[in-house]
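Residue numbers (the UniProt record's numbering): 1 to 596.
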């Protein structure tokens, strides 16, 4: 089966991406499944003539590390984008590293080299691309006080074309990130959100391409914010008054069946210690979640809201001359825990299904009539090589072409899934996951009330492997470790030439009242050796809610040893590092016999 159209041209690509949308968990109720069938249309429509990958996972979390991994085809250990800003860190902090335009090539660079026109509309979060007021780090808004596009500012962003060095045209900033209601997906009170503007941008570009007498193939990313607005909801948002979070009557109140209670009220004492620390501290360094029933219903409402925007884009595509010659891809950067596993929220400090398992569909009416499903394990790092394969582009040749412009252009880590798409070849390889994202730690460890807080405890850096056994079982194994790369003075412990240490400050009590001055007493802790590693292991086929941690249980020692060896093998193969220089403290691969 050829992926070129009948005239011999390469296919176009429309990449539909959302933020924070998880794969439906096993404990969703009948009412929720009925809600999905009645109100969430984009995925069923794409599946009608598409391949649905039912076991697809993020390569990293959260937003910035995941997106950069997806669009470079590499892990954070190579591309360097490890942190998500917004809590204790800002975009301009010294320990916040963004993708350099000449560091690791993006999807846009690969496809431009293959002769494609490339466009990006919507959330980026791979570099700090905002235009800024001189002398500040404040992103320049492109919208008015009611959320409508500001024509002058939009024209300025178009002329600046800030993503051109990354291989894309058309991006309109600023990044939809932070606590400004007008910069949310759809949750500003009495004002438009950014997602509507993104929808209109994509629709306008599709219509312009349709009207133009140019058959050069194109790649367009349509990157929407929602359901990420769920992260804005809580006590601070309610008190602030600038947000509006309407939830329709169609969203059921009984979202989950009774099995979810075991996860919601889970005792985390048998899990890696960072999880309980995260669950307990979240309300301090983010905000307390109030009215949890409303909060959970809001998450599904936001999926319905963005579904409307996605369908408007898809229906526009179907009305153009590109309808049969465009491959549509749909996925999310990561999921959301939504009060699972002992009241955890968002996606950090874990490797649970709710955070990592996301939808992934590749759709085209000519290539996949009638639709199909693939239940093999796939990862975000597989997307770029698969798209190149579907385009008929040779990755090795392209790498030779673009490589001289980048400090660390390396062969893509992921797999080309074209054979699984076209020939239904079984996917039996394990997949690897890693995260060093530690949003609770940074220079700004003060919450929205002005109170200092402690960061989530170590070890909280994670690498994991997910694998299907020969007997049909599905396994997940993780190593939680204290990574010296992210210490205050990074380096490898034991190096006599470097004073390797980690200085951690912890607030003690409340500050004394001093007129005009607040003085916080702190404990000052200096660490010279990483804390001991901790482990997590689940048989997902028997324990889909991931309640029973099998790591450390004597009867599972042999299986743990096998999975530890597999994790070491996957880490050595996929946790690649820059070749242009050494990153202080960056871990070396752990020999199989020394892991877990």
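The beta-carbon is built from N, C-alpha and C at its ideal position, and this holds for glycine as well. Remember, predicted model here, so these are calculated numbers, not experimental data.
Put simply, the backbone Cα of residue 438 is about 45 angstroms away from that of residue 215.
Residue 476 sits in a strand when the DSSP states are folded into three classes. Per DSSP, reduced to three states, the secondary structure at residue 461 is strand.
Under the three-state reduction of DSSP, residue 523 is assigned to strand. Excluding residues up to 5 positions away in sequence, 294, 297, 298 and 301 lie with their Cβ nearer than 7 angstroms to the Cβ of residue 247 in the same chain. Nearest to residue 126 by alpha-carbon distance, out of 137, 109, 120 and 98, is 98. Comparing alpha-carbon positions, the option among 200, 471 and 267 lying closest to residue 548 turns out to be 267. Between the beta-carbon of residue 96 and that of residue 90 there is about 7 angstroms, and that keeps the pair under the 8 angstroms contact cut.
If you look at residue 507, you'll find it in the beta strand (DSSP E) that goes 502–507. Going by C-alpha positions, residue 459 is about 43 angstroms away from residue 45. The straight-line gap separating the alpha-carbon atoms of residue 148 and residue 195 is approximately 11 angstroms. Beta-bridge analysis with DSSP links residue 12 to 326. In this structure, residue 506 places its C-beta atom within 8 angstroms of the C-beta atom of residue 522. In the DSSP assignment, the residues bridged to residue 57 are 357 and 379. Counted as a single uninterrupted DSSP element, the beta strand (DSSP E) harbouring residue 121 occupies residues 117–122. Rounded to the nearest angstrom, the Cβ distance from residue 107 to residue 71 is 5 angstroms, consistent with a contact under 8 angstroms. Annotation note: the region 265–352 contains the following uninterrupted beta strand (DSSP E) runs of length 3 or greater, listed N- to C-terminal: 326–332.
Counting along the chain, residue 21 sits inside no beta strand (DSSP E), nor does DSSP assign it H or E at all. If you look at residue 70, you'll find it isn't in any beta strand (DSSP E); it sits in the alpha helix (DSSP H) that goes 63–72. Between residue 327 and residue 14, the alpha-carbon positions lie close to 6 angstroms from each other. The beta carbon of residue 409 lies closer than 8 angstroms to those of 104, 105, 399, 402 and 403 in the same chain, with the five residues before and after it left out. Within the same chain, Cβ atoms closer than 8 angstroms to the Cβ of residue 489 are found at 498, 499, 500, 501, 502 and 503, the five residues on either side in sequence being excluded. Put simply, the backbone Cα of residue 581 is about 28 angstroms away from that of residue 349. The alpha-carbon of residue 524 is positioned some 13 angstroms away from that of residue 455. Burial check for residue 256: the Cβ neighbour count within 10 Å reaches 16 or more, so the residue is buried. Going by beta carbons, residue 430 and residue 374 fall outside the 8 angstroms limit. Taking a 10 Å sphere around the C-beta of residue 211, we find fewer than 16 other C-beta atoms and assign the residue as exposed. Cβ neighbours of residue 448 within its own chain (closer than 7 angstroms, five residues either side excluded): 236 and 287.
If you draw a straight line from the Cα of residue 318 to the Cα of residue 187, it comes to about 29 angstroms.
Rounded to whole angstroms, the gap between the alpha carbons of residue 198 and residue 303 is 16 angstroms.
Using a 10 angstroms sphere on the CB of residue 239, the tally of other CB atoms stays under 16, which defines it as exposed. In the structure shown, the three-state DSSP call for residue 535 is strand.
In the same chain as residue 468, and ignoring 5 residues on each side of it, the C-beta atoms closer than 7 angstroms to its own belong to 377, 428 and 474, in chain order. In terms of Cβ geometry, residue 241 and residue 23 do not form a close pair [threshold 8 angstroms].
Separation of residue 424 and residue 543 (C-alpha to C-alpha, rounded to the nearest whole angstrom) is 28 angstroms. In this structure residue 433 touches residue 59 by the C-beta definition: roughly 6 angstroms separates them, less than 8 angstroms.
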